[in-house]
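**Student:** Here the sequence shown is numbered in the working numbering, starting from 42 and rising by one per residue. Ideal Cβ placement from N, Cα and C applies to all residues, glycine included.
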Amino acid sequence: CAVLFFAAGCGTVETGASVAEKTKLQSGTSGDEKELVQTGERFLNQIVAAMEKGDYDSFTENYIAEYRKKLTVSIFEQMSASFRKTNGKMKQIRYLGSVNKYSCRVLLWSVIFERTPEVNEQLKKAGQDPSQIPDTETLVKMIVGKTNQGWKIIQMGLQ
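Next comes the structure, spelled out in structure tokens:
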């Protein structure tokens, strides 16, 4: 299963948007790696907490403006409900590294969430013993870009 919280790729965004509506990404991706990782992890924790609580404003706060315009409250509520069904509390987060992508940075983490009762029931129905199955890691990919408002999320996904 994969959950995507995405907008557009690095660079130009929505072709029909006026210049004033487009997020301006700074060229290059240089900067303090430690600061970037801390910022990305803060974004990740905020997004997970927002999904758990169903808090649309907190979820969209660190995304580029174009994403906030595309993601309606109704779509977010469906995403949040689906997320809560399959993911419990975040148990572990491990930073895997980053790569440069044009004027963006791609940050990667391995995250382990507690299994929900719904997932355990699905495993039992499939003839599995949930207590015998090791924790499942989720790959988190976050693409961030530096704007005049600091680092912002351009795209994020869980796999």
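#1: Give the straight-line distance between the Cα atoms of MET131 and GLU102, rounded to the nearest whole angstrom.
#2: Use the C-beta contact count for ILE116: other C-beta atoms within 10 angstroms, 16 or more gives buried, fewer gives exposed.
#3: For ALA91, does the count of other Cβ atoms within 10 angstroms reach 16, so buried, or fall short, so exposed?
#4: Please go through the same chain and pick out, in chain order, the residues whose beta-carbon is closer than 6 Å to the beta-carbon of GLY57, but skip the five residues on each side of it.
#5: Count the C-beta pairs between the segment 79-90 and the segment 107-116 that are closer than 8 Å, then say yes if the count reaches three, no if not.
#6: For ILE195, count the other beta carbons within 10 Å of its own beta carbon; 16 or more makes it buried, fewer makes it exposed. Which is it?
#7: Name the one or two DSSP bridge partners that THR179 has.
#8: So what's TYR143 in DSSP terms, helix, strand or just coil?
#9: Just mark ILE184 as buried or exposed, buried being the case when its beta carbon has 16 or more other beta carbons within 10 Å.
#10: Taking 7 Å as the CB-CB limit, is PRO158 close to chain B?
#11: Closest to GLY191 by CA distance: which of LYS126, ILE105, ASN128, SER151 is it?
#12: Is the segment 173-182 touching the segment 143-154 in the sense that three or more CB pairs, one from each, lie closer than 8 Å?
#13: Cβ of LYS126 within 7 Å of Cβ of GLU159?
#14: Report yes if the C-beta distance between CYS145 and GLY198 is below 7 Å; otherwise report no.
#15: Can you tell me which of LYS193, GLN79, GLU74, ASP73 puts its alpha carbon nearest to the alpha carbon of ILE134?
#16: Quick one: what does DSSP say PHE47 is sitting in, helix, strand or coil?
#17: Could you pull out every residue in the same chain whose Cβ sits closer than 6 Å to the Cβ of PRO171, ignoring the five residues on either side in sequence?
**Tutor:** So, from the listed chains and residues:
#1: 20 Å
#2: exposed
#3: buried
#4: Note on GLY57: pLDDT 45, under 50, position unreliable in the model; the coordinate value appears next. Contacts found: none.
#5: no
#6: buried
#7: VAL152
#8: coil
#9: buried
#10: Among the protein chains of the structure shown there is no chain B, as only one such chain exists.
#11: ILE105
#12: yes
#13: yes
#14: no
#15: GLN79
#16: Because the pLDDT at PHE47 is just 44, under 50, the model does not fix this residue reliably, and the value given afterwards should be weighed accordingly. Of the three classes helix, strand and coil, the one that applies to PHE47 here is strand, per DSSP.
#17: ASN161, LEU164
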